[in-house]
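Colleague: Structure incoming, see below.
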């Protein structure tokens, strides 16, 4: 027994001795190096001059976190910085700082991972890439707002984009901005830019918000320390800042209309555990906006937020209210107006990226439009936790509000037309501020009377020409599209600015034409059924004028062809009109290879294609008959129209004559705009199109037509009074001479 005990004691002694030797070796190899700087807390304690921040750290409960292993960058305000802080707040010392405020100061001064000054301007991307150098000016801090009281609700702001499934594990951490010489140089920013953002402050080469770094790159066991001359407190985000500034309360009230509150089970459970409360917690989001003003994360929680933030320009109350009153002239309230009106108003004052003061005028906003205000209208510049903020004493006028589109969009009497425009590229055209146009507005009553309406239950457009007719749904969209496209006219020189007297013609955005004469407006369909549109006084916008029409500008459908329009001119009761077109028509209708008398269509003239008719007058044709170019009496010039009276050569001449009078695939008006050489329906023996050249050498109302004859080509002029006759996707002109066909 004694031997056993003795043996055990020997073994135990050996084990202890061996372990002691092993621990010594372990400590020598793996132990904390003597040269390693102490952790952040101990480092500040040993350095001196940081009594207040150390007390704040302890009050915040972060002494243990900053006093041992970790990975941080800490912006440490010195005691002089705290003296300013105490003075500004009218307090005597740290003892008057609450634990909550101590936590705010500590956590906002703390960013994840250690960075020297030269590293802060690079993206934290895991790998060093040239494109990631000198572009960063923000880092995510350890501070975030959790639950706040808002109108009796417990609310958490979403730190994610609208439309993304909310992840409660992602906290809405605030960002801290900083400015280094390397970053400023790379971005083309100067010390004056910094002073613009922080009035009264000087750029020193390394600033954190409005604080200067007075000592940089102090290594610690658990990170890096930079000493600052100002106590850093969490910056407000855009939503919080607006709530604190009564001069922007109108804009804030508009934002409040767009906020939504959704009960969130995960947030409620977390809050209940932390607080002991049984209150429900709601997630606050801003669907429809380009960004949520309470979202601290730019796009996502990755590295993008290190070099980008949102930007916002907010008008003062009086200017904004005046603008709103104008917007709601007809709707009265935002509740009555389409929801997009308010959303467009807010989004037009947002930018999807960091915009510096010198760029706010020229940088495209969230709607890809540049500011309509100028630099003198900027009355405040502010870097917030999630945005660059600009206070302005003028409203940015979004294209949707300052262009012709507004006259339909902002008036309930034209809600159907607005909906129709939204389904076509005519909307884009109307919203182009540099494209001069004219808009003819069709009110809801007139559209319905013309047979056009929208069925919200299907949903879809339909056309019903008479109350007894069936509703045409399959073609409804195409028909309403063509109708509203007929209402948008390209008038670069203000051709329709005064339609009460005289006459004029203009091309629509889709190549058709509309004309006016003595206060009456016509589309090709109005010519067919002998109707017209009258209009009120012009409504002026930045890109043209709009008219509120009485009636609808109609288009001729495919049952009304170029041939139909030509027949109507040739059979006119007005002898002056008839004598300009009847001989040509008589040749045409007596040519069975070209003319279908049932459909009134010309062979080779296809539905849906643009054409221009260049029709010689009766007098011009009679001259051609006398010259032997067309069949008829060589003495009197009276034509022989019937094929029975014509030789084969004469029949061929008539066919060539007719085909050469029709320009194919293009509609050209007598308006001075489309000079050029164009194809006709006539083909050469090799199958190539014969050409005509149209020009305006003296005025926009005098068009010259020149054939392509190799020898002595004929040049003739149009009769303006009898030209610009509307047809289905076509115009018909009267010319004074027969071309060499």
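In my numbering, the protein residues as written are 572 to 1312. Just so you know, even glycine gets a beta-carbon here, dropped at the ideal spot from N, CA and C.
For residue 990, report the span of its beta strand (DSSP E) as first-last.
Modeller: Working through the chain shown from its first residue, we reach residue 990 at position 419. Note, residue 990: premise wrong, no beta strand (DSSP E); alpha helix (DSSP H) at 986-993.
Colleague: What's the call for residue 989, buried or exposed, on a 16-neighbour Cβ count within 10 Å?
Modeller: Along the chain shown, read from residue 1 onward, the residue named residue 989 stands at position 418. By the Cβ neighbour-count rule, residue 989 is buried, with 16 or more other Cβ atoms within 10 Å of its own.
Colleague: Under 6 Å Cβ to Cβ from residue 1306, same chain only, skipping five residues before and after it: list those, please.
Modeller: Here the question's residue 1306 lines up with position 735 in the chain shown. Here the set comprises 1185, 1187, 1276, 1287, 1289.
Colleague: Ends of the alpha helix (DSSP H) at residue 672?
Modeller: Taking the first residue of the chain shown as position 1, residue 672 is located at position 101. Element bounds for residue 672: 670-679.
Colleague: Between residue 611 and residue 646, what straight-line distance do the alpha-carbon atoms span, to the nearest angstrom?
Modeller: Translated into the one-based positions of the chain shown, residue 611 becomes position 40. Translated into the one-based positions of the chain shown, residue 646 becomes position 75. When rounded, the distance between both Cα atoms is 10 Å.
Colleague: Looking only at its chain, what residues have a beta carbon closer than 6 Å to the beta carbon of residue 950, apart from the 5 residues adjacent to it on each side?
Modeller: Residue numbering aside, residue 950 sits at position 379 when the chain shown is read from its first letter. So the list reads 962, 964, once near-sequence residues are dropped.
Colleague: Could you please give me the residues that DSSP links to residue 790 through a beta bridge?
Modeller: Walking along the chain shown from the start, residue 790 turns up at place 219. Answer by DSSP bridge pairing, in chain order: 795.
Colleague: Determine the extent of the alpha helix (DSSP H) in which residue 1047 is found, giving its start and end residues.
Modeller: On the chain shown, position 476 is the one that residue 1047 refers to. Here the alpha helix (DSSP H) through residue 1047 covers 1047-1056.
Colleague: The alpha helix (DSSP H) with residue 1086 in it runs from where to where?
Modeller: Position 515 of the chain shown holds residue 1086. Counting along the chain, residue 1086 falls outside any alpha helix (DSSP H), though it belongs to the beta strand (DSSP E) covering 1084-1088.
Colleague: Could you give the distance in angstroms between the alpha-carbon of residue 678 and the alpha-carbon of residue 650?
Modeller: One-based indexing of the chain shown puts residue 678 at position 107. One-based indexing of the chain shown puts residue 650 at position 79. Using only the alpha carbons, I get a separation of about 18 Å.
Colleague: Taking residue 751 as part of the beta strand (DSSP E), name the residues at either end of that continuous run.
Modeller: Taking the first residue of the chain shown as position 1, residue 751 is located at position 180. From DSSP, the beta strand (DSSP E) with residue 751 extends over 744-751.
Colleague: Where residue 1026 and residue 907 are concerned, what is the direct C-alpha to C-alpha distance, given to the nearest angstrom?
Modeller: For the purposes of this step, residue 1026 is taken as the residue at position 455 of the chain shown. For the purposes of this step, residue 907 is taken as the residue at position 336 of the chain shown. Cα-Cα distance, rounded: 20 Å.
Colleague: Output the distance between the C-alpha atoms of residue 986 and residue 980, rounded to the nearest integer angstrom.
Modeller: Stepping through the chain shown from its first residue, residue 986 is reached at position 415. Stepping through the chain shown from its first residue, residue 980 is reached at position 409. In a straight line, the C-alpha of residue 986 is about 7 Å away from that of residue 980.
Colleague: Output the boundary residues of the alpha helix (DSSP H) element that contains residue 1332.
Modeller: What is shown of the chain runs 572 to 1312, which leaves residue 1332 out entirely.
Colleague: Go ahead and label residue 640 buried or exposed: buried means 16 or more other beta carbons lie within 10 angstroms of its beta carbon, across all protein chains shown.
Modeller: Residue numbering aside, residue 640 sits at position 69 when the chain shown is read from its first letter. It counts as exposed.
Colleague: Can you confirm whether the segment 771-778 touches the segment 921-932 when touching is taken to mean that 3 or more C-beta pairs between the two stretches lie within less than 8 Å?
Modeller: no
Colleague: What does the alpha-carbon distance come out to for the pair residue 1174 and residue 1163?
Modeller: Here residue 1174 refers to the residue found at position 603 of the chain shown. Here residue 1163 refers to the residue found at position 592 of the chain shown. Rounded to the nearest angstrom, the two C-alpha atoms are 9 Å apart.
Colleague: Would you check if the distance between the CB atom of residue 940 and the CB atom of residue 896 is smaller than 9 Å?
Modeller: Residue numbering aside, residue 940 sits at position 369 when the chain shown is read from its first letter. Residue numbering aside, residue 896 sits at position 325 when the chain shown is read from its first letter. No, the Cβ-Cβ distance between residue 940 and residue 896 is not below 9 Å.
Colleague: Exposed or buried, which one is residue 997 when buried takes at least 16 other CB atoms within 10 Å?
Modeller: To locate residue 997, count along the chain shown from 1; it is residue 426. Residue 997 should be labelled buried.
Colleague: Excluding five sequence neighbours on each side, which residues of the same chain lie with their C-beta closer than 7 Å to the C-beta of residue 1320?
Modeller: Outside the shown range of the chain (572 to 1312) lies residue 1320, about which nothing can therefore be said.
Colleague: Around the Cβ of residue 991, are there at least 16 other Cβ atoms within 10 angstroms (buried) or fewer (exposed)?
Modeller: On the chain shown, position 420 is the one that residue 991 refers to. Classification for residue 991: buried.
Colleague: Based on Cα-Cα distance, which residue from 794, 1311, 618 lies nearest to residue 1283?
Modeller: Mapped onto the chain shown, residue 1283 falls at position 712. Nearest C-alpha to residue 1283: 1311.
Colleague: Report the option in 624, 623, 685 whose CA atom is closest to the CA atom of residue 644.
Modeller: The residue you call residue 644 lines up with position 73 of the chain shown. With distances taken between Cα atoms, residue 644 lies closest to 685.
Colleague: Could you check the C-alpha separation between residue 1167 and residue 1237 for me, to the nearest Å?
Modeller: On the chain shown, position 596 is the one that residue 1167 refers to. On the chain shown, position 666 is the one that residue 1237 refers to. Rounded to whole angstroms, residue 1167 to residue 1237 spans 23 Å at the Cα level.
Colleague: Hey, quick one: how far does the alpha helix (DSSP H) through residue 1278 stretch, first residue to last?
Modeller: On the chain shown, position 707 is the one that residue 1278 refers to. It is not in any alpha helix (DSSP H) - residue 1278 instead sits in the beta strand (DSSP E) that spans 1273-1278.
Colleague: Compute the Euclidean distance between the alpha carbons of residue 594 and residue 607, then round it to the nearest angstrom.
Modeller: Within the chain shown, residue 594 is the residue found at index 23, counting from 1. Within the chain shown, residue 607 is the residue found at index 36, counting from 1. Its pLDDT being 45, under 50, residue 594 is placed unreliably in this model, and the coordinates cannot settle the point.
Colleague: Rounded to the nearest angstrom, what separates residue 580 and residue 794 at their Cα positions?
Modeller: One-based indexing of the chain shown puts residue 580 at position 9. One-based indexing of the chain shown puts residue 794 at position 223. Residue confidence for residue 580 is low, a pLDDT of 39 falling below 50, so the modelled location carries little weight; the figure read from the coordinates is stated next. In a straight line, the C-alpha of residue 580 is about 47 Å away from that of residue 794.
Colleague: Which same chain residues end up closer than 8 Å to residue 781 when comparing Cβ atoms and leaving out the 5 residues on each side of it in sequence?
Modeller: By 1-based counting over the chain shown, the position of residue 781 is 210. Excluding positions up to five away in sequence, the list reads 769, 772, 801.
Colleague: Which whole-angstrom value describes the C-beta separation of residue 1000 and residue 1059, a residue pair presumed to lie in contact below a C-beta threshold of 8 Å?
Modeller: Along the chain shown, read from residue 1 onward, the residue named residue 1000 stands at position 429. Along the chain shown, read from residue 1 onward, the residue named residue 1059 stands at position 488. Confirmed, Cβ separation roughly 6 Å.
Colleague: Taking residue 1052 as the reference, give the member of 1038, 1078, 1125, 1098 with the closest Cα.
Modeller: Position 481 of the chain shown, counted from the first residue, corresponds to residue 1052. The closest CA to that of residue 1052, considering only 1038, 1078, 1125, 1098, is found on 1125.
Colleague: Excluding the 5 residues flanking residue 657 on each side, which residues of the same chain have their C-beta closer than 7 Å to its C-beta?
Modeller: What you label residue 657 is simply residue 86 of the chain shown in a count that begins at 1. Cβ neighbours of residue 657 beyond the five flanking positions: 663, 664.
Colleague: Are the beta-carbon atoms of residue 1127 and residue 1095 separated by less than 9 Å?
Modeller: Here residue 1127 is taken as the residue at index 556 of the chain shown, counted from 1. Here residue 1095 is taken as the residue at index 524 of the chain shown, counted from 1. Against a cut-off of 9 Å, the Cβ pair of residue 1095 and residue 1127 comes out as a contact.
Colleague: Confirm the yes/no value for this check: CB of residue 1271, any heavy atom of the ligand SAH, distance under 8 Å.
Modeller: This structure simply doesn't include the ligand SAH, nor any ligand for that matter.
Colleague: Can you look up residue 596 in the DSSP assignment and give me helix, strand or coil?
Modeller: The residue given as residue 596 occupies position 25 in the chain shown. Unreliable placement is indicated for residue 596, whose pLDDT of 47 sits below 50; the coordinate value is still reported in the next sentence. Three-state DSSP puts residue 596 in a helix.
Colleague: Per DSSP, what are the beta-bridge partners of residue 710 in this structure?
Modeller: Along the chain shown, one-based indexing puts residue 710 at 139. Residue 710 is bridged to 747.
Colleague: My output table needs one value for residue 902: the three-state DSSP class, helix, strand or coil.
Modeller: Indexing the chain shown from 1 puts residue 902 at position 331. In the structure shown, residue 902 sits in coil (DSSP, three-state: anything other than H, G, I, E or B).
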